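One structure is given here, and the rest of the page talks about it.
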Amino acid sequence: MSDHYVKVKVQLEQMKTLGEDAGRQEGDAEEQLPASSPAASVSPDPSSIISTSIGSKPRGKGRTKQGKDVKNTSQHAPDVSSHGSVVSAHVGKNSNRLEHDPSLHIKGTGKILQGKSETNGNCVTNHASKNIQETRREDGFKLARRRRPVTVDTSKAKTSLEALKISIKQLKWKEFPLGRRAACDIYWHGVSFHENENIVSGQVNKFPGMIEMLRKINLSRAMRTVQELFPDEYDFYPRSWILPEEYQQFCTQIRMVKENDATVNPTFIVKPDGGSQGDGIYLIREPSDLKLMVGSQAKQGVVQEYIQKPLLIDKLKFDIRLYVLIKSLEPLEIYIAKEGLTRFCTEPYQEPSQKNLSHVFMHLTNYSLNVHSGNFVHSDSQSTGSKRTLSSVLYRLAAKGVDIKKVWSDIIALVIKTIIAVVPELKVYYQADIPPGKPGPTCFQILGFDILLMKNLKPVLLEVNSNPSMRIEHEKEVSSGVFEYVPSPVDEEVKVGVIRDTLRLMDPGHKKPSGKSSQPRAGGFEHKEEIPLEAETQDKSSDEGALPSLCLKQVYPKYTKQFNYLRLVERIATLFIRFLGVKGNMRLGPTAFRTFIRTCKLSSSNFTMASADIFYIDITRRWSGATTDSREAGMGLQAFVEAFFSLAGRRFKSLVQREQVLSLLVLCEAQLESQSGGEDRRSVSCSRALPRAVKTQTLGNPQLGSPAPLRRAASQDYRLHQRLKPRTLRANVEN
Numbered sequence: 000m001s002d003h004y005v006k007v008k009v010q011l012e013q014m015k016t017l018g019e020d021a022g023r024q025e026g027d028a029e030e031q032l033p034a035s036s037p038a039a040s041v042s043p044d045p046s047s048i049i050s051t052s053i054g055s056k057p058r059g060k061g062r063t064k065q066g067k068d069v070k071n072t073s074q075h076a077p078d079v080s081s082h083g084s085v086v087s088a089h090v091g092k093n094s095n096r097l098e099h100d101p102s103l104h105i106k107g108t109g110k111i112l113q114g115k116s117e118t119n120g121n122c123v124t125n126h127a128s129k130n131i132q133e134t135r136r137e138d139g140f141k142l143a144r145r146r147r148p149v150t151v152d153t154s155k156a157k158t159s160l161e162a163l164k165i166s167i168k169q170l171k172w173k174e175f176p177l178g179r180r181a182a183c184d185i186y187w188h189g190v191s192f193h194e195n196e197n198i199v200s201g202q203v204n205k206f207p208g209m210i211e212m213l214r215k216i217n218l219s220r221a222m223r224t225v226q227e228l229f230p231d232e233y234d235f236y237p238r239s240w241i242l243p244e245e246y247q248q249f250c251t252q253i254r255m256v257k258e259n260d261a262t263v264n265p266t267f268i269v270k271p272d273g274g275s276q277g278d279g280i281y282l283i284r285e286p287s288d289l290k291l292m293v294g295s296q297a298k299q300g301v302v303q304e305y306i307q308k309p310l311l312i313d314k315l316k317f318d319i320r321l322y323v324l325i326k327s328l329e330p331l332e333i334y335i336a337k338e339g340l341t342r343f344c345t346e347p348y349q350e351p352s353q354k355n356l357s358h359v360f361m362h363l364t365n366y367s368l369n370v371h372s373g374n375f376v377h378s379d380s381q382s383t384g385s386k387r388t389l390s391s392v393l394y395r396l397a398a399k400g401v402d403i404k405k406v407w408s409d410i411i412a413l414v415i416k417t418i419i420a421v422v423p424e425l426k427v428y429y430q431a432d433i434p435p436g437k438p439g440p441t442c443f444q445i446l447g448f449d450i451l452l453m454k455n456l457k458p459v460l461l462e463v464n465s466n467p468s469m470r471i472e473h474e475k476e477v478s479s480g481v482f483e484y485v486p487s488p489v490d491e492e493v494k495v496g497v498i499r500d501t502l503r504l505m506d507p508g509h510k511k512p513s514g515k516s517s518q519p520r521a522g523g524f525e526h527k528e529e530i531p532l533e534a535e536t537q538d539k540s541s542d543e544g545a546l547p548s549l550c551l552k553q554v555y556p557k558y559t560k561q562f563n564y565l566r567l568v569e570r571i572a573t574l575f576i577r578f579l580g581v582k583g584n585m586r587l588g589p590t591a592f593r594t595f596i597r598t599c600k601l602s603s604s605n606f607t608m609a610s611a612d613i614f615y616i617d618i619t620r621r622w623s624g625a626t627t628d629s630r631e632a633g634m635g636l637q638a639f640v641e642a643f644f645s646l647a648g649r650r651f652k653s654l655v656q657r658e659q660v661l662s663l664l665v666l667c668e669a670q671l672e673s674q675s676g677g678e679d680r681r682s683v684s685c686s687r688a689l690p691r692a693v694k695t696q697t698l699g700n701p702q703l704g705s706p707a708p709l710r711r712a713a714s715q716d717y718r719l720h721q722r723l724k725p726r727t728l729r730a731n732v733e734n
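In numbering that gives the first Met the number 0, the protein residues as written are 0 to 734.
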């Protein structure tokens, strides 16, 4: 018997013992190879490693489960020894030099380059080491997922529970309907982030502050701020007035419009600040028709221009409910569902007049209102009835010659711009509830965008819902005045896909792609790019072959080059958070505001520190009466943004407002960067480091203090924006 045969036999005996020991062990953990030992299998005892690699250097770290692999080797080798083992040799760069020292591993995987039988009855196979390690890594991930399913706490899911249960079952994850003492991977809340106060890890499907940020008043304020900077980019949001504080302004502007043109008789829609499902919405034509009081208290809400020429299908007005996932705020990641819902009115549309203003089934598309109409049509078809899929409507428009690629591109742009507008204040809420450096969960959230298509196919944002209905049943009147919930195939088709694929994206075992960082600089001068319709393929985990492809399409940071320059207010919010002081604050105190002025060197002979104090008091006092949210006294983000705009106007008088703000931002960021290691850094007692994401490309330029480079930088951004404006859409659609 040759020495080589004896050596192999001894090794096979060791493998048999190793396989029996490993088969008796319980648990989820896989052993990972150290960098110095790129063998195919590792025993918990390093002394029992029985495989040696052939080649100059290891290619990676393979994973395998010993006991199970030994058991399954018979499926891979038709000619197996009594030990049930397979001998395989890795082929490396130096295989010619070491070809007589094969490495043993338990399970042969990868592409077989060559195989031959030895005299001892074992099958010797040569594998490409790269393919072997990649396949083993995938197999190890599958094993880990089978042994350790993702855990989801559904005890707070409320109306989304049924769709969530179906999604978890499809993913083969583990649900905890009554909660769990140990931490879960994902917590699914029905309404608010704060439904469970004791979460210190995992992921929650709500952001703190999202409900407050998407109320009608706060959304209108956020949109108004960005409209000041980018009026052409944010023309998709109707002109709005906040009630009751802007009632006089509203009356004055309407009177001036009618005096200039007596034939103009606009219609307005009034929405209560915290309303939902169409409650409290009504149409007016005169300011005197406003219902400003509820008892002795003023009604908080907004009044907006009403879109009088919507796109009609079957002579009915409709809107689009589109589901949008914010996967993270830092970096900003946005996904849009490729499929959505269209909700139809139940009375043929007529332009508003004094006679039909109260016809809610004609003017309001809310499902919760129209479901009570006698004309509401429940349908199992996706292309008929009072609730249909978005794709069925787009196909119908395409049949009439509409460029639906352009429509979809405009909708994507609307969604990204809207989220860019609300993210700054969301970051302030987020750091207040989950301060940096403290334990807490990460967050994601599904939002419901309500979008109306005008007759010229331009999308208009109606509102954004922080808690869109994920119910997969609909109300049906079974007898006079008696309603019950029955399954809705259209809702189930759309909503289960959205929830399931949101969970897939948030899977803690899902490995993020390596390579180029996905975090863009928050604001900058980048070239735009066209938004394709749906040409990109979606990522699929190796263990999700049985599931359909993702119905969620990433649109940011994918299209960062086109929209990144809009993130100016977010950069202002970064400055605001830096100077907040005590972690968890949401308002800037007078001392912190002075520190901001001093650190960024914004004082001068015309604007002394005493002037800064008076300036702070004036703005804070005005905003204290305008906001209902008063966690603590001081200057909130919206007030700080107004102050920043004012300071920019003082310092750069010769520029237009957007260039003023951009110039002051670059100046402040440059000052903070230059002082990050100096004495002024120590004067900001509880400040936070400026994230790298907001540093501009020009921070290293010593000429930043002069206005000329700032104007050139701002003008470059403006010229790029003007050159790449979207084309005017022309399409003839019969209503």
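The beta-carbon is built from N, C-alpha and C at its ideal position, and this holds for glycine as well. Since the structure is predicted, the reported quantities are computational estimates derived from the model, not experimental observations.
query, result
"Beta-carbon within less than 6 Å of glycine 648's beta-carbon, same chain only, minus the 5 sequence neighbours each way: which residues are those?", "Gln659"
"Is arginine 782 helix, strand or coil when you go by DSSP?", "Look at the range of the chain in this structure, 0 to 734, and you will see that residue 782 is not part of it."
"Assuming the contact rule is C-beta atoms closer than 8 Å, glutamine 299 and aspartate 278 should be a hit. Round their C-beta distance to whole Å, please.", "The Cβ separation is near 14 Å, so there is no contact."
"Terminal residues of the continuous alpha helix (DSSP H) containing alanine 647?", "636-650"
"Apart from the five residues on each side of it in sequence, which residues of its chain come closer than 7 Å, Cβ to Cβ, to proline 176?", "Thr153 and Ser154"
"Per DSSP, which one or two residues make a beta bridge with methionine 453?", "Pro309"
"From tyrosine 394 to leucine 671, what distance separates their C-alpha atoms?", "53 Å"
"Please state if the CB of aspartate 500 and the CB of cysteine 550 are separated by a distance shorter than 7 Å.", "yes"
"Could you tell me whether the Cβ atoms of isoleucine 616 and alanine 638 are closer together than 7 Å?", "no"
"Of all the beta strand (DSSP E) runs that stay within the bounds of the segment 443-491, which reach a length of 3 or more residues?", "444-452, 458-464, 472-478 and 481-486"
"Looking at proline 458: is its Cβ nearer than 7 Å to the Cβ of leucine 504?", "no"
"Quick one, are the C-beta atoms of proline 438 and valine 199 less than 7 Å apart?", "yes"
"Smallest Cα separation from tyrosine 736: which of Thr262, Val665 and Ile283?", "This structure gives no information on residue 736, because the portion of the chain shown stretches from 0 to 734."
"Between Leu228, Leu587, Leu461 and Thr573, which has its C-alpha nearest serine 275's C-alpha?", "Leu461"
"At which residues does the beta strand (DSSP E) containing tyrosine 564 begin and terminate?", "Per DSSP, tyrosine 564 belongs to no beta strand (DSSP E) and is neither H nor E."
"Three-state secondary structure (DSSP) at glutamate 245?", "coil"
"Below 7 Å CB to CB, which residues in the same chain sit around serine 602 once its five sequence neighbours on both sides are set aside?", "Ile596, Met608 and Ala611"
"Do phenylalanine 735 and tryptophan 240 have their CB atoms nearer than 7 Å?", "This structure cannot settle anything about residue 735, because the visible part of the chain is limited to 0 through 734."
"Using C-beta distances below 7 Å, list every residue in its chain close to arginine 387, excluding the 5 sequence neighbours before and after it, in chain order.", "Thr341, Gln381 and Val489"
"Whole beta strand (DSSP E) runs in the segment 193-269 with 3 or more residues, listed along the chain?", "239-242"
"Should proline 423 and valine 568 be called a contact, given that it needs their Cβ atoms to be closer than 7 Å?", "yes"
"Rounded to whole angstroms, what's the CA-CA distance from leucine 546 to tryptophan 172? Just pull it up for me.", "13 Å"
"Mapping DSSP to helix, strand and coil, what is alanine 397?", "helix"
"Kindly indicate if chain D contains any beta-carbon less than 7 Å away from that of glycine 447.", "Going by chain labels, chain D is absent from the structure shown, which holds only one protein chain."
"For glutamate 196, count the other beta carbons within 10 Å of its own beta carbon; 16 or more makes it buried, fewer makes it exposed. Which is it?", "exposed"
"Give the straight-line distance between the Cα atoms of serine 219 and arginine 593, rounded to the nearest whole angstrom.", "29 Å"
"Looking only at its chain, what residues have a beta carbon closer than 6 Å to the beta carbon of glutamate 350, apart from the 5 residues adjacent to it on each side?", "Gln307"
"Buried or exposed: glutamate 483, going by 16 or more other Cβ atoms within 10 Å of its Cβ?", "exposed"
"Would the segment 312-322 count as touching the segment 444-455 if we require 3 or more Cβ pairs under 8 Å?", "yes"
"Alpha carbon to alpha carbon, how far is glutamate 285 from asparagine 264?", "9 Å"
"Indicate the three-state DSSP secondary structure (helix, strand or coil) for leucine 666 in the structure shown.", "helix"
"Looking only at its own chain, which residues have a Cβ that is under 6 Å from the Cβ of valine 477, when we skip the five neighbours before and after it?", "Glu483"
"With a cut-off of 8 Å on the beta carbons, I'd call leucine 291 and leucine 242 a contact; round off their distance for me.", "7 Å"
"Under 7 Å between the Cβ atoms of lysine 552 and isoleucine 415?", "no"
"Going by other Cβ atoms of all chains shown within 10 Å of its Cβ, with 16 needed for buried, is arginine 214 buried or exposed?", "buried"
"For glutamate 483, verify whether its CB is less than 6 Å away from any heavy atom of the ligand MG.", "Summarising the ligand content, the structure contains no ligands, and the ligand MG is consequently not present."
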